[in-house]
Amino acid sequence: MPFGGKFRIIDFPLSNCVNSGIRRVGILTQYKAHSLMNHVQQGWGFMRGELGEFVEFLPASQRTAGGGWYSGTADAIYQNVDILRNHGPEYVLILAGDHIYKMDYGDMLAAHVESNADMTIGCIEVSIDEAKSFGVMSVDESMRVTAFDEKPAQPTPMPGKTKTALASMGIYIFNAKFLYEQVIKDADNVDSTHDFGHDIIPSLIDNYRVVAFPYQDVQGNKPGYWRDVGTIDAFWSANLELIGITPELNLYDDKWPIWTYQAQEPPAKFVFDDDGRRGMAVDSMVSGGCLISGATVRHSVLFSNVNVHSFAQVENSVILPDVNIGRHCRLNKVILDKGCDVPPDTVIGEDLEADSKRFSVSPSGVVLVTPEMLGQNYRHVR
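Read in the numbering used here, the sequence shown has 2 at position 2, and its numbers run on one by one without any break.
Below is the structure:
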(Lines of atoms letter the chains of each structure in order from A; the text may use other names.)
(Lines give C-alpha, C1' and ligand atoms only; values in the text may rest on other atoms or scores of the structure.)
Protein backbone atom coordinates (compact mmCIF):
# COMPACT_ATOMS: atom_id res chain seq x y z
CA MET A 1 0.00 0.00 0.00
CA PRO A 2 1.49 3.41 -0.99
CA PHE A 3 1.81 6.12 1.64
CA GLY A 4 3.18 9.64 1.92
CA GLY A 5 3.77 10.41 -1.74
CA LYS A 6 6.64 8.01 -2.41
CA PHE A 7 6.71 5.30 0.27
CA ARG A 8 5.02 1.98 0.94
CA ILE A 9 3.65 1.22 4.38
CA ILE A 10 6.05 -1.72 4.69
CA ASP A 11 8.94 0.78 4.48
CA PHE A 12 8.17 2.08 7.98
CA PRO A 13 8.63 -1.13 10.03
CA LEU A 14 11.54 -2.14 7.76
CA SER A 15 13.22 1.25 8.26
CA ASN A 16 12.67 0.97 12.00
CA CYS A 17 14.46 -2.38 11.93
CA VAL A 18 17.45 -1.09 9.96
CA ASN A 19 17.70 2.12 11.99
CA SER A 20 17.49 0.05 15.20
CA GLY A 21 20.39 -2.15 14.08
CA ILE A 22 18.19 -5.15 13.27
CA ARG A 23 19.36 -6.52 9.94
CA ARG A 24 18.01 -10.06 9.86
CA VAL A 25 14.41 -9.65 8.75
CA GLY A 26 11.79 -12.07 7.44
CA ILE A 27 8.60 -10.88 5.76
CA LEU A 28 5.64 -13.24 6.09
CA THR A 29 3.51 -13.04 2.96
CA GLN A 30 0.13 -14.54 2.21
CA TYR A 31 -1.34 -14.22 -1.31
CA LYS A 32 -1.19 -11.55 -4.05
CA ALA A 33 2.22 -10.53 -2.74
CA HIS A 34 3.91 -9.80 -6.09
CA SER A 35 3.78 -5.99 -5.76
CA LEU A 36 5.16 -6.13 -2.21
CA MET A 37 7.92 -8.53 -3.20
CA ASN A 38 8.88 -6.44 -6.21
CA HIS A 39 9.09 -3.26 -4.09
CA VAL A 40 11.25 -4.87 -1.39
CA GLN A 41 13.55 -6.58 -3.89
CA GLN A 42 14.12 -3.28 -5.69
CA GLY A 43 14.45 -1.04 -2.65
CA TRP A 44 15.98 -3.20 0.06
CA GLY A 45 18.87 -4.86 -1.73
CA PHE A 46 21.47 -2.93 0.28
CA MET A 47 21.66 -5.57 3.01
CA ARG A 48 25.10 -7.24 3.12
CA GLY A 49 24.65 -10.98 2.89
CA GLU A 50 28.33 -11.61 3.63
CA LEU A 51 27.76 -9.92 7.00
CA GLY A 52 24.72 -12.05 7.79
CA GLU A 53 22.24 -9.31 6.87
CA PHE A 54 19.09 -10.06 4.89
CA VAL A 55 15.48 -9.28 4.16
CA GLU A 56 13.88 -12.53 3.06
CA PHE A 57 10.35 -13.52 2.16
CA LEU A 58 8.60 -16.30 4.05
CA PRO A 59 5.48 -17.17 2.05
CA ALA A 60 2.95 -19.66 3.36
CA SER A 61 4.87 -22.91 2.93
CA GLN A 62 1.77 -25.09 3.09
CA ARG A 63 4.01 -27.75 4.63
CA THR A 64 1.78 -28.33 7.64
CA ALA A 65 -0.86 -31.03 7.86
CA GLY A 66 -3.73 -30.21 5.55
CA GLY A 67 -1.76 -27.53 3.70
CA GLY A 68 -3.30 -24.13 3.10
CA TRP A 69 -2.40 -20.50 3.65
CA TYR A 70 -1.47 -18.96 6.99
CA SER A 71 -4.54 -19.41 9.14
CA GLY A 72 -3.50 -16.73 11.64
CA THR A 73 -0.58 -14.72 12.94
CA ALA A 74 0.60 -17.52 15.23
CA ASP A 75 0.29 -20.08 12.44
CA ALA A 76 2.49 -17.86 10.26
CA ILE A 77 5.27 -18.19 12.85
CA TYR A 78 4.58 -21.89 13.37
CA GLN A 79 5.00 -22.66 9.68
CA ASN A 80 8.44 -21.04 9.79
CA VAL A 81 9.77 -22.36 13.10
CA ASP A 82 12.42 -24.49 11.38
CA ILE A 83 13.72 -21.47 9.46
CA LEU A 84 13.83 -19.36 12.62
CA ARG A 85 15.67 -22.10 14.50
CA ASN A 86 18.26 -22.35 11.74
CA HIS A 87 19.05 -18.64 12.15
CA GLY A 88 19.55 -19.20 15.89
CA PRO A 89 18.20 -15.95 17.41
CA GLU A 90 17.98 -15.48 21.17
CA TYR A 91 14.98 -13.16 20.79
CA VAL A 92 12.35 -12.78 18.07
CA LEU A 93 10.70 -9.44 17.28
CA ILE A 94 7.29 -9.76 15.59
CA LEU A 95 5.82 -6.73 13.83
CA ALA A 96 2.64 -5.82 12.00
CA GLY A 97 3.32 -4.56 8.50
CA ASP A 98 0.42 -2.12 8.21
CA HIS A 99 1.16 0.64 10.73
CA ILE A 100 2.88 4.01 10.30
CA TYR A 101 5.33 5.01 13.05
CA LYS A 102 8.98 5.50 14.00
CA MET A 103 10.34 3.40 16.83
CA ASP A 104 13.73 2.28 18.09
CA TYR A 105 13.12 -1.39 18.81
CA GLY A 106 16.37 -1.51 20.76
CA ASP A 107 14.70 0.33 23.64
CA MET A 108 11.92 -2.25 23.77
CA LEU A 109 14.39 -5.15 23.59
CA ALA A 110 16.45 -3.68 26.44
CA ALA A 111 13.30 -3.37 28.56
CA HIS A 112 12.34 -6.95 27.69
CA VAL A 113 15.69 -8.28 28.87
CA GLU A 114 15.80 -6.10 31.98
CA SER A 115 12.32 -7.16 33.10
CA ASN A 116 13.13 -10.85 32.60
CA ALA A 117 9.97 -11.23 30.53
CA ASP A 118 8.93 -14.21 28.45
CA MET A 119 7.04 -11.88 26.13
CA THR A 120 6.81 -8.10 25.81
CA ILE A 121 3.97 -6.28 24.04
CA GLY A 122 4.31 -2.79 22.60
CA CYS A 123 1.32 -0.74 23.74
CA ILE A 124 -0.22 2.67 23.22
CA GLU A 125 -3.01 4.65 24.85
CA VAL A 126 -6.07 5.05 22.58
CA SER A 127 -9.63 6.26 22.97
CA ILE A 128 -12.26 3.80 24.17
CA ASP A 129 -13.93 3.86 20.77
CA GLU A 130 -10.66 3.16 18.93
CA ALA A 131 -9.82 0.39 21.37
CA LYS A 132 -12.64 -1.75 20.00
CA SER A 133 -10.43 -2.45 16.98
CA PHE A 134 -7.37 -3.56 18.97
CA GLY A 135 -6.25 -5.95 21.63
CA VAL A 136 -6.82 -4.26 25.00
CA MET A 137 -4.79 -5.06 28.10
CA SER A 138 -4.75 -4.34 31.80
CA VAL A 139 -1.44 -4.02 33.67
CA ASP A 140 -0.22 -3.78 37.26
CA GLU A 141 2.21 -1.22 38.69
CA SER A 142 5.20 -3.04 37.18
CA MET A 143 3.57 -3.10 33.71
CA ARG A 144 2.97 -6.83 33.89
CA VAL A 145 -0.06 -7.73 31.79
CA THR A 146 -2.89 -9.06 33.95
CA ALA A 147 -5.66 -9.27 31.33
CA PHE A 148 -5.93 -9.20 27.54
CA ASP A 149 -9.04 -8.98 25.38
CA GLU A 150 -8.86 -8.94 21.57
CA LYS A 151 -11.19 -6.38 19.92
CA PRO A 152 -13.61 -6.12 22.85
CA ALA A 153 -17.10 -4.69 22.45
CA GLN A 154 -16.63 -2.87 25.77
CA PRO A 155 -12.92 -2.10 26.28
CA THR A 156 -11.60 -1.89 29.82
CA PRO A 157 -10.46 1.70 30.51
CA MET A 158 -7.13 2.54 32.07
CA PRO A 159 -7.17 3.15 35.83
CA GLY A 160 -8.14 6.76 36.47
CA LYS A 161 -8.67 7.38 32.73
CA THR A 162 -12.23 6.48 31.85
CA LYS A 163 -11.96 7.67 28.24
CA THR A 164 -8.83 5.74 27.19
CA ALA A 165 -7.61 2.15 27.08
CA LEU A 166 -4.21 0.48 26.73
CA ALA A 167 -4.04 -1.11 23.27
CA SER A 168 -1.62 -3.56 21.72
CA MET A 169 0.36 -2.21 18.77
CA GLY A 170 0.88 -5.68 17.33
CA ILE A 171 4.57 -5.46 18.28
CA TYR A 172 5.87 -8.45 20.24
CA ILE A 173 9.24 -9.58 21.55
CA PHE A 174 9.60 -13.23 22.59
CA ASN A 175 12.40 -15.26 24.00
CA ALA A 176 12.98 -17.43 20.95
CA LYS A 177 12.70 -20.89 22.54
CA PHE A 178 9.61 -19.81 24.44
CA LEU A 179 8.02 -18.59 21.20
CA TYR A 180 8.65 -21.90 19.44
CA GLU A 181 7.12 -23.84 22.33
CA GLN A 182 3.99 -21.70 22.37
CA VAL A 183 3.25 -21.73 18.62
CA ILE A 184 3.77 -25.51 18.48
CA LYS A 185 1.43 -25.94 21.43
CA ASP A 186 -1.10 -23.65 19.76
CA ALA A 187 -0.88 -25.55 16.47
CA ASP A 188 -1.94 -28.73 18.30
CA ASN A 189 -5.02 -27.01 19.74
CA VAL A 190 -7.93 -27.79 17.40
CA ASP A 191 -10.06 -25.09 19.06
CA SER A 192 -7.55 -22.29 18.41
CA THR A 193 -7.82 -19.68 15.68
CA HIS A 194 -3.99 -19.57 15.73
CA ASP A 195 -3.85 -15.85 16.41
CA PHE A 196 -1.57 -14.13 18.91
CA GLY A 197 -4.25 -11.74 20.14
CA HIS A 198 -7.15 -14.15 20.30
CA ASP A 199 -5.35 -17.25 21.52
CA ILE A 200 -1.71 -17.15 22.54
CA ILE A 201 -1.50 -13.96 24.63
CA PRO A 202 -4.59 -14.73 26.77
CA SER A 203 -3.22 -18.24 27.40
CA LEU A 204 0.11 -16.91 28.70
CA ILE A 205 -0.94 -14.25 31.18
CA ASP A 206 -1.59 -16.44 34.23
CA ASN A 207 1.48 -18.67 34.01
CA TYR A 208 4.19 -16.63 32.29
CA ARG A 209 5.71 -13.19 32.53
CA VAL A 210 4.07 -11.01 29.88
CA VAL A 211 5.06 -7.33 30.11
CA ALA A 212 3.73 -4.20 28.39
CA PHE A 213 6.12 -1.63 26.91
CA PRO A 214 4.64 1.89 26.50
CA TYR A 215 5.47 3.19 23.04
CA GLN A 216 7.64 6.25 22.59
CA ASP A 217 8.89 7.56 19.26
CA VAL A 218 12.53 8.11 18.34
CA GLN A 219 12.39 11.62 19.83
CA GLY A 220 11.28 10.14 23.16
CA ASN A 221 7.70 11.41 22.93
CA LYS A 222 5.08 9.43 24.85
CA PRO A 223 2.89 8.48 23.18
CA GLY A 224 4.64 8.84 19.86
CA TYR A 225 3.09 9.11 16.42
CA TRP A 226 1.39 5.83 15.46
CA ARG A 227 -1.33 5.33 12.88
CA ASP A 228 -3.33 2.31 11.82
CA VAL A 229 -4.37 3.12 8.24
CA GLY A 230 -6.67 0.16 7.66
CA THR A 231 -9.75 2.24 6.78
CA ILE A 232 -10.43 4.78 4.03
CA ASP A 233 -10.80 7.61 6.55
CA ALA A 234 -7.62 6.67 8.42
CA PHE A 235 -5.57 6.38 5.22
CA TRP A 236 -6.84 9.72 3.92
CA SER A 237 -6.27 11.64 7.15
CA ALA A 238 -2.82 10.12 7.81
CA ASN A 239 -1.63 11.19 4.36
CA LEU A 240 -3.02 14.71 4.65
CA GLU A 241 -1.48 15.16 8.10
CA LEU A 242 1.90 15.09 6.39
CA ILE A 243 1.38 18.40 4.60
CA GLY A 244 1.12 20.36 7.84
CA ILE A 245 3.85 22.88 8.66
CA THR A 246 5.18 20.71 11.50
CA PRO A 247 3.52 17.30 11.15
CA GLU A 248 3.86 14.75 13.94
CA LEU A 249 5.50 12.35 11.50
CA ASN A 250 8.66 14.01 10.21
CA LEU A 251 9.65 12.52 6.85
CA TYR A 252 12.56 14.97 6.61
CA ASP A 253 14.43 13.64 9.65
CA ASP A 254 17.88 12.55 8.44
CA LYS A 255 18.60 11.01 11.85
CA TRP A 256 15.86 8.41 11.33
CA PRO A 257 15.37 8.10 7.57
CA ILE A 258 12.58 6.13 5.98
CA TRP A 259 14.20 3.97 3.33
CA THR A 260 12.36 3.05 0.15
CA TYR A 261 12.80 2.18 -3.50
CA GLN A 262 13.75 5.32 -5.42
CA ALA A 263 12.09 5.14 -8.83
CA GLN A 264 13.84 6.96 -11.67
CA GLU A 265 11.28 9.73 -12.18
CA PRO A 266 11.74 13.21 -13.68
CA PRO A 267 11.10 16.21 -11.39
CA ALA A 268 7.56 17.46 -10.84
CA LYS A 269 6.66 20.12 -13.39
CA PHE A 270 4.20 23.05 -13.24
CA VAL A 271 3.29 24.78 -16.51
CA PHE A 272 1.14 27.74 -17.64
CA ASP A 273 0.96 31.02 -15.75
CA ASP A 274 -2.13 32.73 -17.13
CA ASP A 275 -5.06 34.10 -15.15
CA GLY A 276 -7.47 31.20 -14.69
CA ARG A 277 -4.94 28.74 -16.07
CA ARG A 278 -2.02 28.60 -13.69
CA GLY A 279 -0.21 25.37 -12.88
CA MET A 280 0.26 25.46 -9.11
CA ALA A 281 0.18 23.45 -5.90
CA VAL A 282 -0.36 24.98 -2.45
CA ASP A 283 0.01 23.24 0.93
CA SER A 284 0.63 19.99 -0.91
CA MET A 285 3.15 17.20 -1.48
CA VAL A 286 3.85 16.57 -5.17
CA SER A 287 6.04 13.61 -6.14
CA GLY A 288 8.40 12.98 -9.02
CA GLY A 289 6.98 12.54 -12.49
CA CYS A 290 3.92 14.73 -11.82
CA LEU A 291 2.79 17.29 -14.38
CA ILE A 292 0.46 20.06 -13.20
CA SER A 293 -0.59 21.70 -16.46
CA GLY A 294 -2.61 24.85 -15.85
CA ALA A 295 -4.42 23.22 -12.91
CA THR A 296 -4.71 24.02 -9.20
CA VAL A 297 -3.81 21.55 -6.45
CA ARG A 298 -4.52 22.50 -2.84
CA HIS A 299 -4.02 20.63 0.42
CA SER A 300 -3.38 17.33 -1.33
CA VAL A 301 -0.83 14.54 -1.69
CA LEU A 302 0.11 13.49 -5.21
CA PHE A 303 2.09 10.30 -5.72
CA SER A 304 4.35 9.72 -8.73
CA ASN A 305 3.35 10.18 -12.37
CA VAL A 306 0.12 12.12 -11.86
CA ASN A 307 -1.06 14.35 -14.70
CA VAL A 308 -3.52 17.13 -13.81
CA HIS A 309 -4.74 18.94 -16.92
CA SER A 310 -5.76 22.55 -17.48
CA PHE A 311 -8.53 24.19 -15.44
CA ALA A 312 -8.84 21.17 -13.13
CA GLN A 313 -9.08 21.66 -9.36
CA VAL A 314 -7.87 19.10 -6.83
CA GLU A 315 -8.41 19.81 -3.12
CA ASN A 316 -8.10 17.81 0.10
CA SER A 317 -7.31 14.69 -1.89
CA VAL A 318 -4.87 11.79 -2.06
CA ILE A 319 -3.92 10.84 -5.61
CA LEU A 320 -2.06 7.54 -5.99
CA PRO A 321 0.46 6.82 -8.77
CA ASP A 322 -0.18 6.77 -12.52
CA VAL A 323 -3.36 8.86 -12.46
CA ASN A 324 -4.63 11.16 -15.21
CA ILE A 325 -7.10 13.94 -14.29
CA GLY A 326 -8.81 15.56 -17.27
CA ARG A 327 -9.56 19.21 -17.99
CA HIS A 328 -12.13 21.07 -15.89
CA CYS A 329 -12.39 18.27 -13.30
CA ARG A 330 -13.22 19.23 -9.71
CA LEU A 331 -12.14 16.80 -7.02
CA ASN A 332 -12.55 17.41 -3.29
CA LYS A 333 -11.87 14.95 -0.46
CA VAL A 334 -11.12 12.14 -2.88
CA ILE A 335 -8.76 9.16 -2.95
CA LEU A 336 -7.93 8.18 -6.53
CA ASP A 337 -6.51 4.68 -6.76
CA LYS A 338 -3.57 3.73 -8.97
CA GLY A 339 -4.13 4.08 -12.67
CA CYS A 340 -7.39 6.05 -12.65
CA ASP A 341 -8.10 8.05 -15.82
CA VAL A 342 -10.65 10.67 -14.78
CA PRO A 343 -12.56 12.02 -17.81
CA PRO A 344 -12.76 15.78 -18.44
CA ASP A 345 -15.45 17.74 -16.55
CA THR A 346 -15.82 15.05 -13.88
CA VAL A 347 -16.95 16.36 -10.48
CA ILE A 348 -16.37 14.19 -7.40
CA GLY A 349 -16.81 15.12 -3.75
CA GLU A 350 -19.46 17.82 -4.07
CA ASP A 351 -22.56 15.57 -4.08
CA LEU A 352 -21.98 12.55 -1.86
CA GLU A 353 -25.38 11.04 -2.61
CA ALA A 354 -24.57 10.96 -6.31
CA ASP A 355 -21.01 9.81 -5.61
CA SER A 356 -22.24 6.87 -3.53
CA LYS A 357 -24.01 5.44 -6.57
CA ARG A 358 -20.72 5.09 -8.47
CA PHE A 359 -17.96 5.10 -5.89
CA SER A 360 -17.24 4.17 -2.27
CA VAL A 361 -18.01 6.91 0.28
CA SER A 362 -16.56 6.63 3.79
CA PRO A 363 -18.38 7.60 7.01
CA SER A 364 -16.61 10.99 7.04
CA GLY A 365 -17.33 11.68 3.38
CA VAL A 366 -14.08 10.63 1.71
CA VAL A 367 -14.76 9.30 -1.79
CA LEU A 368 -12.65 6.35 -2.95
CA VAL A 369 -12.41 5.91 -6.72
CA THR A 370 -10.77 2.92 -8.43
CA PRO A 371 -10.22 2.24 -12.15
CA GLU A 372 -12.84 -0.48 -11.98
CA MET A 373 -15.42 2.01 -10.69
CA LEU A 374 -14.62 4.16 -13.71
CA GLY A 375 -15.04 1.18 -16.01
CA GLN A 376 -11.30 0.97 -16.67
CA ASN A 377 -8.46 -1.46 -16.26
CA TYR A 378 -5.30 -0.41 -14.42
CA ARG A 379 -3.10 1.71 -16.66
CA HIS A 380 0.23 3.55 -16.50
CA VAL A 381 0.30 7.22 -17.46
CA ARG A 382 3.78 6.71 -18.93
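C-beta atoms are modelled at their ideal positions from N, C-alpha and C, and glycine is treated no differently. These figures come from a predicted structure and were not determined experimentally.
Please classify residue i as buried or exposed, where buried requires at least 16 neighbouring CB atoms within 10 angstroms.
i	result
Val-282	exposed
Ile-124	buried
Ile-325	buried
Ser-310	buried
Leu-14	buried
Gln-182	buried
Val-334	buried
Met-137	buried
Could you spell out where the beta strand (DSSP E) holding residue i opens and where it closes?
i	result
Cys-290	Where Cys-290 is concerned, there is no enclosing beta strand (DSSP E), given that its DSSP letter is neither H nor E.
Trp-226	226-228
Phe-174	164-175
Lys-280	In the sequence as displayed, the identity of residue 280 is Met instead of Lys. Segment 280-282, the beta strand (DSSP E) holding Met-280.
Ile-245	Here Ile-245 belongs to no beta strand (DSSP E), and DSSP marks it neither H nor E.
Cys-123	119-127
Gln-313	313-315
Spatial neighbours of residue i within its chain, please: C-beta separation below 7 Å, excluding the five flanking residues on both sides.
i	result
Asn-377	Pro-371
Asn-175	Tyr-91 and Asp-118
Tyr-215	Met-103, Gly-122, Cys-123, Ile-124, Met-169, Pro-223, Gly-224 and Trp-226
Ile-128	Pro-155, Pro-157, Lys-163, Thr-164 and Ala-165
Could you tell me the alpha carbon to alpha carbon distance between residue i and residue j, rounded to whole angstroms?
i	j	result
Gly-170	Pro-363	26 Å
Ser-356	Ala-312	22 Å
Arg-24	Leu-93	10 Å
Phe-7	Tyr-261	8 Å
Ala-60	Asp-104	29 Å
Ile-10	Thr-120	22 Å
Val-113	Asp-107	10 Å
Ile-205	Ser-284	47 Å
Asn-332	Leu-84	48 Å
Tyr-31	Thr-73	14 Å
Val-381	Asn-307	Caution applies to Val-381, whose pLDDT of 49 falls short of 50 and renders its modelled position unreliable; the model cannot decide the point.
Cys-290	Lys-269	6 Å
Ala-111	Ser-20	14 Å
Phe-178	Val-40	30 Å
Glu-241	Glu-248	8 Å
Just to confirm my understanding: we take residue i, look at its own chain, exclude 5 residues before and 5 after, and list those with CB closer than 8 Å. What are they?
i	result
Met-373	Arg-358, Phe-359 and Ser-360
Asp-98	Met-1, Ile-9, Asp-228, Val-229 and Gly-230
Between which two residues does the alpha helix (DSSP H) carrying residue i extend?
i	result
His-87	81-87
Asn-332	Premise fails: Asn-332 lies in the beta strand (DSSP E), 330-332, not in any alpha helix (DSSP H).
Going by DSSP, what residues sit across from residue i in a beta bridge?
i	result
Phe-54	Arg-24
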